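For reference, the structure is listed below as structure tokens.
Numbering (the numbering used here), first residue to last: 119 to 647.
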């Protein structure tokens with residue numbers, strides 16, 4: 119069987135131009151004494167690294183501060199006022215079809231991805247009442263972008279005439295890291311201004327992406343926005359439709375993967391926060407927690423931004439001084455709010471499982487959980503009610519939290535008026551501020567997988583790579599890359615990876631993008647002018 123036909127290398131997608139990065143050759147497993155690795159962080163990146171290492175015979179100890187796995191896609195048990203046990207989380211996550219490496223991780227315990235279910239559309243609603251979506255949009259580039267513009271009510275003929283096509287040319291040939299050289303010096307907001315995107319189309323199409331980074335478009339690098347456009351519109355034929363878990367994150371995703379890791383000999387130490395890490399003379403590291411200290415041959419740091427800053431700040435002999443200074447300069451995106459409501463009556467039958475919104479003060483999306491999640495569906499069937507989830511990204515800090523929570527629910531009443539008269543049987547408000555910020559000009563300061571110390575690697579969605587990946591897929595990909603860097607030390611075969619195409623799909627469009635020169639500087643001059 120050819121390498122591309124091996125199950126480990128199966129694309130499991132529809133895009134024939136998806137790119138395979140074959141596994142680096144080597145032994146199938148560690149032989150002799152098992153090397154040890156501390157994986158610090160049990161989110162997607164840490165789980166990917168731990169899985170690849172444990173499957174190849176490395177003795178893995180995974181440290182996770184929380185009592186649950188999954189990181190920002192994790193969940194934990196709570197109990198409603200009526201005594202019902204339920205699972206709470208930090209909110210909705212879309213598992214897009216081009217998340218090849220994340221889906222490969224999930225296939226370890228669910229080969230057919232039967233624990234995921236497809237939502238029929240990615241519907242959008244503007245505050246002025248205009249509706250849009252992606253179900254009818256062609257998925258093959260460039261017809262995907264052209265089809266969206268042609269079918270979307272947010273684009274009028276007048277809007278299209280006003281747009282500056284030359285300023286938009288960087289989107290036609292996105293490559294990493296070149297796109298950061300071209301666009302990292304301006305914000306997503308300023309780039310869209312330079313292109314003269316119509317306001318409603320910006321809210322419904324492009325700010326969906328910038329808000330996915332939990333950042334205001336004025337703070338987000340335009341390069342990240344361009345990369346997202348490539349991943350979903352002009353680079354990949356997978357489209358913007360997505361899957362969601364049929365059950366809460368722990369039971370659908372992470373409990374089965376934890377069992378898989380244990381079967382491969384991994385030790386999972388949840389509720390165990392790592393405080394500091396010290397290199398040991400002669401090789402290896404001493405990992406200190408509140409409970410104990412243990413020695414490991416190698417370390418994977420798979421932490422969120424604040425966690426990475428904390429551990430590195432407390433570990434003054436890790437890496438070198440310039441590397442530690444770059445870590446110290448990393449910043450978090452603004453706070454976000456997830457509100458989950460258990461209502462005494464259902465929403466209207468035609469409400470979608472997920473709705474993206476634009477033009478509202480803080481409301482970014484609404485989920486009707488019983489449309490796909492079994493736990494919520496059982497509760498709704500038993501009570502006759504509904505379980506709704508509201509997201510507010512990049513929430514300012516000036517107004518008191520309780521006022522923002524109330525305001526978010528008031529915006530729900532505008533979107534789904536039938537909820538005005540519903541009694542709230544229970545509610546949870548989850549505030550977080552732990553997502554990485556990708557600011558203008560910040561790309562070069564972000565860590566790479568490899569560090570100045572060969573036995574220390576970094577993984578997570580904050581890590582920069584030479585691959586067109588983002589969000590959860592960047593977390594999974596860097597986790598596998600971190601494992602690969604360590605496996606190379608022991609002569610063990612690496613991890614195969616898939617990505618969307620690493621450049622524009624059309625030679626003609628790539629030529630146009632090259633002809634335009636450095637359009638990022640055009641946008642910058644336009645804003646200064």
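Beta carbons are placed, not taken as given, at the ideal position from N, Cα and C, and that holds for glycine.
These numbers were taken from a predicted model, which means no experiment stands behind them.
Reference residue 217, options 573, 617, 416 and 237, closest by Cα: Working through the chain shown from its first residue, we reach residue 217 at position 99. The shortest C-alpha separation from residue 217 is found at 617.
Q) Around the Cβ of residue 433, are there at least 16 other Cβ atoms within 10 angstroms (buried) or fewer (exposed)? A) Here residue 433 corresponds to residue number 315 of the chain shown, with the count starting at 1. Result: buried.
Query - Meets three-Cβ-pair contact criterion under 8 Å: the region 350-370 and the region 304-316 - result: no
* Mark residue 121 as exposed unless 16 or more other C-beta atoms lie within 10 angstroms of its C-beta, in which case mark it buried. => As a working note, residue 121 is residue 3 in the chain shown. Low local confidence applies: a pLDDT of 36 at residue 121 is under 50, so the model's placement there is unreliable, with the coordinate-based value given in what follows. With fewer than 16 Cβ atoms within 10 Å of its Cβ, residue 121 is classed as exposed.
Notebook entry, point to check: Which value, in whole angstroms, describes the spacing of the CA atoms of residue 641 and residue 309?
Noted result: For the purposes of this step, residue 641 is taken as residue 523 along the chain shown, with counting starting at 1. For the purposes of this step, residue 309 is taken as residue 191 along the chain shown, with counting starting at 1. Here residue 641 scores only 44 on pLDDT, less than 50, and its place in the model is too uncertain to base an answer on.
Can you have a look at residue 542 and say buried or exposed, based on whether 16 or more other CB atoms are within 10 angstroms of its CB? Here residue 542 corresponds to residue number 424 of the chain shown, with the count starting at 1. Exposed, by the Cβ-count rule.
Point to revise | Distance between residue 161 and residue 190 (C-alpha atoms, nearest Å) | key: Locating residue 190 in the chain shown gives position 72, where the first residue counts as 1. Locating residue 161 in the chain shown gives position 43, where the first residue counts as 1. Each residue's alpha carbon lies about 7 Å from the other.
Quiz item: Taking C-alpha atoms, which residue in 462, 480, 238 and 474 lies nearest to residue 504?
Solution: On the chain shown, residue 504 is found 386 positions in, with the first residue counted as 1. Cα-wise, what sits closest to residue 504 is 462.
(message) If the criterion is Cβ atoms closer than 8 Å, does the pair residue 142 and residue 602 meet it?
(response) Translated into the one-based positions of the chain shown, residue 142 becomes position 24. Translated into the one-based positions of the chain shown, residue 602 becomes position 484. Closer than 8 Å, so yes.
Count the other CB atoms within 10 Å of the CB of residue 207; is the residue buried (16 or more) or exposed (fewer)?
The residue labelled residue 207 in the question sits at position 89 within the chain shown. The residue is buried, with at least 16 neighbouring Cβ atoms inside 10 Å.
| task | Tell me whether residue 221 is buried or exposed, calling it buried when 16 or more other Cβ atoms sit within 10 Å of its Cβ. | result | Counting from one through the chain shown, the residue named residue 221 turns up at place 103. Residue 221 comes out buried.
For this session: Compute the Euclidean distance between the alpha carbons of residue 400 and residue 586, then round it to the nearest angstrom.
Result: Within the chain shown, numbered from 1, the residue matching residue 400 stands at position 282. Within the chain shown, numbered from 1, the residue matching residue 586 stands at position 468. Taking the straight line from one Cα to the other gives about 38 Å.
Straight-line gap, residue 262 to residue 353 (C-alpha atoms, nearest Å):
Indexing the chain shown from 1 puts residue 262 at position 144. Indexing the chain shown from 1 puts residue 353 at position 235. Straight-line Cα distance between these residues: approximately 10 Å.
Could you tell me if residue 123 is buried or exposed, where buried requires 16 or more neighbouring beta carbons within 10 angstroms of its beta carbon?
Indexing the chain shown from 1 puts residue 123 at position 5. Note that residue 123 scores a pLDDT of 36, beneath 50, so its modelled location is shaky and nothing firm can be said.
Point to revise | Alpha-carbon to alpha-carbon, residue 625 and residue 507 | key: Sequence index remark: in the chain shown, residue 507 carries index 389 (1-based). Sequence index remark: in the chain shown, residue 625 carries index 507 (1-based). Whole-angstrom Cα-Cα distance: 43 Å.
Review point. Do residue 565 and residue 139 have their C-beta atoms closer together than 8 Å?
Key: Indexing the chain shown from 1 puts residue 565 at position 447. Indexing the chain shown from 1 puts residue 139 at position 21. No; because the gap between Cβ atoms is not below 8 Å, this pair is not in contact.
First and last residue of the uninterrupted alpha helix (DSSP H) at residue 340 | Working through the chain shown from its first residue, we reach residue 340 at position 222. Element bounds for residue 340: 340-347.
Item checked: Nearest candidate by alpha-carbon position, reference residue 568, set 548, 559, 557 and 597 -> Here the question's residue 568 lines up with position 450 in the chain shown. When only C-alpha atoms are compared, the closest one is 597.
Check your understanding: Could you give the distance in angstroms between the alpha-carbon of residue 356 and the alpha-carbon of residue 135?
Key -> As a working mapping, residue 356 is identified with position 238 in the chain shown. As a working mapping, residue 135 is identified with position 17 in the chain shown. Distance from the CA atom of residue 356 to the CA atom of residue 135, rounded to whole angstroms, is 11 Å.
Quiz item: Is the distance from the Cβ of residue 334 to the Cβ of residue 452 below 8 Å?
Solution: If you number the chain shown from 1, residue 334 lands on position 216. If you number the chain shown from 1, residue 452 lands on position 334. Yes, Cβ-Cβ distance for residue 334 and residue 452 is below 8 Å.
*Measure the alpha-carbon distance for residue 153 versus residue 381 and round it to whole angstroms.*
Start at 1 with the first residue of the chain shown, and residue 153 comes out as number 35. Start at 1 with the first residue of the chain shown, and residue 381 comes out as number 263. Taking the straight line from one Cα to the other gives about 17 Å.
Residue from 474, 346 and 517 with nearest C-alpha to residue 249:
Here the question's residue 249 lines up with position 131 in the chain shown. It is 474.
(Q) Here's a check: name, in chain order, each residue in its chain whose Cβ is nearer than 7 Å to the Cβ of residue 168, leaving out the five neighbours to either side. (A) Taking the chain shown and counting its residues from 1, the one referred to as residue 168 is at position 50. Here the set comprises 157, 178, 180, 379 and 384.
Within the same chain, show all residues whose beta-carbon is closer than 8 Å to that of residue 496, passing over the 5 residues directly before and after it, in chain order. Start at 1 with the first residue of the chain shown, and residue 496 comes out as number 378. Within the same chain, residue 496 has no close Cβ partners at all.
Do residue 358 and residue 240 come within 8 Å of each other at the CB atom, strictly closer than that value? Position 122 of the chain shown holds residue 240. Position 240 of the chain shown holds residue 358. With contacts defined as CB atoms closer than 8 Å, residue 240 and residue 358 qualify as a contacting pair.
Exercise. Helix or strand or just coil, what does DSSP make of residue 537?
Worked result: On the chain shown, residue 537 is found 419 positions in, with the first residue counted as 1. DSSP places residue 537 within a helical segment (H, G or I) once states are collapsed to three.
Worksheet item: Given residue 468, which residues of its chain have a CB within under 7 Å of its CB, disregarding the five upstream and five downstream residues?
Response: Working through the chain shown from its first residue, we reach residue 468 at position 350. Result list for residue 468: empty, nothing under 7 Å.
ask   = How many angstroms separate the CA atom of residue 519 from the CA atom of residue 342?
value = Sequence index remark: in the chain shown, residue 519 carries index 401 (1-based). Sequence index remark: in the chain shown, residue 342 carries index 224 (1-based). Whole-angstrom Cα-Cα distance: 29 Å.
Does residue 408 come out as helix, strand or coil in the three-state DSSP assignment?
Here residue 408 is taken as the residue at index 290 of the chain shown, counted from 1. It is coil, neither helix nor strand.
Could you give the DSSP three-state label for residue 606: helix, strand or coil? For the purposes of this step, residue 606 is taken as residue 488 along the chain shown, with counting starting at 1. Residue 606 falls in the helix class under three-state DSSP.
Exercise for the section: May I have the straight-line CA-CA distance separating residue 414 from residue 426, to the nearest angstrom? Expected result: Looking up residue 414 in the chain shown gives position 296. Looking up residue 426 in the chain shown gives position 308. Taking the CA atoms as reference points, residue 414 sits about 18 Å from residue 426.
Q) Leaving out the 5 sequence neighbours to the left and right, which residues in its chain are closer than 8 Å to residue 371 when beta-carbon positions are compared? A) The count along the chain shown starts at 1 and reaches residue 371 at position 253. Excluding positions up to five away in sequence, the list reads 188, 191, 224, 233 and 363.
**Prompt:** Which residue from 482, 295 and 391 puts its Cα closest to that of residue 562?
**Reply:** Within the chain shown, numbered from 1, the residue matching residue 562 stands at position 444. Checked all of 482, 295 and 391; the closest Cα to residue 562 is 295.
Practice problem: Identify every run of the beta strand (DSSP E) within the region 367-422, keeping only runs that are complete inside it and at least 3 residues long; order them along the chain. | Solution: 385-387, 392-397, 403-407, 411-414 and 416-419
*Bridge partners of residue 450, per DSSP?*
Along the chain shown, read from residue 1 onward, the residue named residue 450 stands at position 332. DSSP output for residue 450 lists 554 as bridge partner(s).
So, using beta-carbon positions, are residue 193 and residue 147 closer together than 8 Å? Against the chain shown, residue 193 aligns to sequence position 75. Against the chain shown, residue 147 aligns to sequence position 29. Their beta carbons are not under 8 Å apart, which means residue 193 does not touch residue 147 by this criterion.
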